[in-house]
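Residue numbers for the sequence shown follow this note's numbering, beginning at 6 and rising by one. Below is one structure; the comments refer to it alone.
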Amino acid sequence: MIAINDKGYYGEFGGAYIPEMLHPNIEELRRQYVQVMEEPEFQREFRMLLKDYVGRPSPLYLAERLSEHYKVTIYLKREDLNHTGAHKINNTVGQILMAKRLGKTRIIAETGAGQHGVATATVCALMGIQCIVYMGAVDIKRQAPNVSRMRMLGAEVRPATSGSQTLKDATNEAIRDWINNPEDTHYIIGSVVGPHPYPDMVARFQSVISEEMKLQLEQHTGRENPNAIIACVGGGSNAAGAYYHYLNETDVRLIAVEAAGHGIHSGESAATSVLGTKGIIHGSRTLLMQTPDGQIIEPYSLSAGLDYPGIGPLHAHLIASGRAEAISITDEEALASAYFLSRREGIIPALETAHAFAALDKMQYQPEDVIVVCLSGRGDKDLDTYIHHFDRFQKQTS
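Okay, here's the thing in structure tokens:
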């Protein structure tokens, strides 16, 4: 049985390793989050916003031309069609409602690819709450469209200029802010990372993905369970949501797709499941890319949302226990996959999501299998990157 225990661990991964200053905030959240989420009024408001504001349920689309190419049945869970263009909004809607019930008047968030920042800025605008988003200075440059969207929505975007100036460093800055403003501030963490109860709470909010998948697969195929679910994993929130209601369905393969950058052993990678060892980052014990003396190894990926040196503790447990299979995809493989999907199905995926599609080339399956790929976000934000490499790839996909 895969589940979190009362101390916030999935097996040996998880927990809450936090500064004393944050203990009251985390303890308040830990004591109340499940109770609040189960309140009928909370669920009514949460479900109403998911339906009428986010646009759920997101479609489960039979990708006929993709299926024809791979000679297997492939469905796409279309999280890219949500308001704001990705799965991130599911969690931010839930967390903004949680923050209101806890009496918080100021929201902070971290973001890499910018989708979580946009989703947080969106719900803060909806609720009229101050919003500050921390983003690595490198990511601010390569994800400029999402930075503009956040500012348009009224959020203040603060650059993180330390370290690699990417997602890890944005998270560090957000945690520092929270330490300095513990009383009025709620930190909307964007993935299944951080101290307990965040990994579990975010997974619960994102579990609407697999909840819908079960119903939709039953309607499409006459059965609730696919043979495999594929999702990209940085911290891993879209994957956690896609897996959630299948965690204990052992006939369903769970495929976690990580960013290998220029190659797993190139020195420029974010393939945590291969390169990581047990360690503590941002408040939880997980698999972490680190030196023998515990210094974080800077991750690399062309994808701003996957260059995180760790993974969420749920995913660390799934991979370490053998329940999930990890596949590592390079920048080149992800780019080729993005161009192929665009030409094959008329869908331009986020660069993060393109990693998940590239895994189809590395899997073994039977012709009668049903595979679901979580299409976690759309590629508007990555068009500059795609166009930069366009000439190199268009011959391969024409």
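Where is the CB? At the ideal position from N, CA and C, for every residue including glycine.
Sequence-distant residues of its chain with Cβ nearer than 7 Å to residue i (five each side left out)
i, result
"isoleucine 31", "Ala21, Ile23 and Pro200"
"threonine 226", "Val375"
"arginine 228", "Leu222"
"leucine 54", "Val98"
Range covered by the alpha helix (DSSP H) that runs through residue i
i, result
"proline 150", "149-157"
"glutamate 229", "From DSSP, glutamate 229 is part of no alpha helix (DSSP H); its letter is neither H nor E."
"arginine 52", "45-54"
"lysine 173", "172-185"
"histidine 201", "Premise fails: histidine 201 is in no alpha helix (DSSP H) and is neither H nor E."
"tyrosine 248", "242-248"
"threonine 190", "No alpha helix (DSSP H) holds threonine 190; the beta strand (DSSP E) holding it covers 190-192."
Beta bridge counterpart(s) of residue i as assigned by DSSP
i, result
"phenylalanine 398", "Bridge partners of phenylalanine 398: none, in fact."
"glutamine 371", "Paired residue(s): none; glutamine 371 is not in a bridge."
"arginine 163", "Tyr139"
"threonine 97", "DSSP lists no partner for threonine 97."
"proline 354", "Arg383"
"glutamate 115", "Tyr139"
"phenylalanine 18", "Tyr15"
Close-in-space but distant-in-sequence residues of the same chain around residue i (CB under 6 Å, 5 per side omitted)
i, result
"asparagine 95", "Phe210, Gln211 and Val213"
"glutamate 330", "Ile260"
"arginine 83", "Ser63, Pro64, Tyr66 and Leu380"
"leucine 280", "Met294"
"serine 242", "Ser196, Val197, Val207 and Gln211"
"alanine 276", "Glu263, Ala265, Ile269 and Ser333"
"tyrosine 80", "Leu65, Leu67 and Val377"
"glutamine 3", "Residue 3 cannot be examined here, being either before or after the span of the chain that is shown, 6 to 403."
Integer-rounded CB distance, given that residue j should sit under 8 Å from residue i
i, j, result
"tyrosine 38", "methionine 206", "5 Å"
"alanine 339", "alanine 359", "4 Å"
"glycine 317", "glutamate 357", "About 15 Å; that fails the 8 Å criterion."
"histidine 286", "isoleucine 302", "A small correction: the amino acid at residue 286 is isoleucine; histidine does not occupy that position in the sequence shown. Actually they do not touch by this definition, with Cβ atoms about 11 Å apart."
"tyrosine 305", "serine 342", "With 8 Å as the limit, tyrosine 305 and serine 342 do not qualify as a contact, their Cβ atoms being about 18 Å apart."
Bounding residues of the beta strand (DSSP E) (the contiguous stretch that carries residue i)
i, result
"alanine 264", "258-266"
"serine 289", "289-293"
"leucine 81", "78-83"
"alanine 236", "233-237"
"tyrosine 391", "Per DSSP, tyrosine 391 belongs to no beta strand (DSSP E); it is in the alpha helix (DSSP H), 388-393."
"leucine 67", "65-67"
"alanine 8", "Taken as a continuous stretch (DSSP letters only), alanine 8 belongs to no beta strand (DSSP E), as it is neither H nor E."
"serine 333", "329-335"
"isoleucine 269", "It is not in any beta strand (DSSP E) - isoleucine 269 carries neither H nor E in the DSSP assignment."
"threonine 282", "282-286"
Chain-order list of residues whose beta-carbon lies under 8 Å from that of residue i (same chain, five-residue window excluded)
i, result
"threonine 127", "His88, Thr89, Ile94, Thr97 and Leu158"
"glutamine 48", "Met42"
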